[in-house]
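So the structure is just underneath, and the comments pick up after that.
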Amino acid sequence: MFRAALIALTLTALPVAAQTVAFGGMRADTSAPVEVSADSLTVNQTDGTALFQGNVVIGQGEMRLSAQTVRVEYAASTGSGTQRRIRALDASGGVTLVSGADAAEAREARYEVDSGLVALTGDVLLTQGNNVMSGDRIVVNLADGTAQAQGRVRSVLQPGGN
251 MFRAALIALT
261 LTALPVAAQT
271 VAFGGMRADT
281 SAPVEVSADS
291 LTVNQTDGTA
301 LFQGNVVIGQ
311 GEMRLSAQTV
321 RVEYAASTGS
331 GTQRRIRALD
341 ASGGVTLVSG
351 ADAAEAREAR
361 YEVDSGLVAL
371 TGDVLLTQGN
381 NVMSGDRIVV
391 NLADGTAQAQ
401 GRVRSVLQPG
411 GN
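Given below as structure tokens:
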């Protein structure tokens with residue numbers, strides 16, 4: 251109990267450049283296929299992007315990301331007839347990221363698919379059970395379940411880790 255209180259005091263009292271916290275449930279199988287659904291889709295073959303708009307929901311394994319708009323960047327093709335793979339997703343407008351019991355909300359997010367990093371920006375709120383962390387920018391590593399908060403960080407950790 252003392253340790254949790256000390257961590258909570260440390261995390262809430264100091265403005266910090268960055269802090270890393272384990273949010274174990276916020277994980278995803280970064281090698282799983284990415285499925286996207288939306289109200290509309292516009293594809294730009296020239297720059298290798300696709301723009302999904304309206305009630306966008308992205309799924310990869312157990313992870314779900316929803317937003318009003320998502321721009322998808324594809325990696326350059328390596329040969330003719332080769333399927334292009336997703337390099338990154340840029341989401342905006344009421345972004346919500348859910349994986350297991352963990353959830354995050356933000357104004358915008360960028361998901362680098364190969365690295366499994368999701369950078370959430372703008373009034374970010376990350377929850378795990380009764381534990382809450384907020385900040386200006388939080389980067390979640392979906393491969394190892396850690397999160398790094400930057401800016402004015404505030405965290406509320408419940409005794410016992412619940």
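Heads up, the final residue of the sequence shown is numbered 412 in this note's numbering, and it's a clean run with no missing numbers.
Just so you know, even glycine gets a beta-carbon here, dropped at the ideal spot from N, CA and C.
Remember, predicted model here, so these are calculated numbers, not experimental data.
Its Cα nearest to that of A282, the residue V363 stands out among A288, T319, V363. Contact between R314 and V348 holds, since their C-beta atoms are separated by about 5 Å, short of 8 Å. Assigned with DSSP and collapsed to three states, G350 falls in coil, not helix or strand. In the displayed model, G395 falls within coil according to three-state DSSP, outside both helix and strand. Distance from the CA of D373 to the CA of Q295, rounded to the nearest whole angstrom, comes to 34 Å. Here G298 carries a coil assignment [DSSP, helix/strand/coil]. Rounded to whole angstroms, the Cβ separation of A317 and V286 is 11 Å, and the two are not in contact under 8 Å.
If the five residues before and after I308 are omitted, its C-beta is found closer than 6 Å to the C-beta atoms of V286, L315, all from its own chain and listed in chain order. One thing to note: V320 has its Cβ no nearer than 7 Å to the Cβ of A354. For G311, the three-state secondary structure derived from DSSP is coil.
Residue state for G372 is assigned as strand, using DSSP reduced to three classes. Between G350 and A393, the C-beta spacing is not below 7 Å. Taking 7 Å as the cut-off, the beta carbon of A356 is found no closer than this to the beta carbon of V322. G379 carries a coil assignment under DSSP once its states are collapsed to helix, strand and coil.
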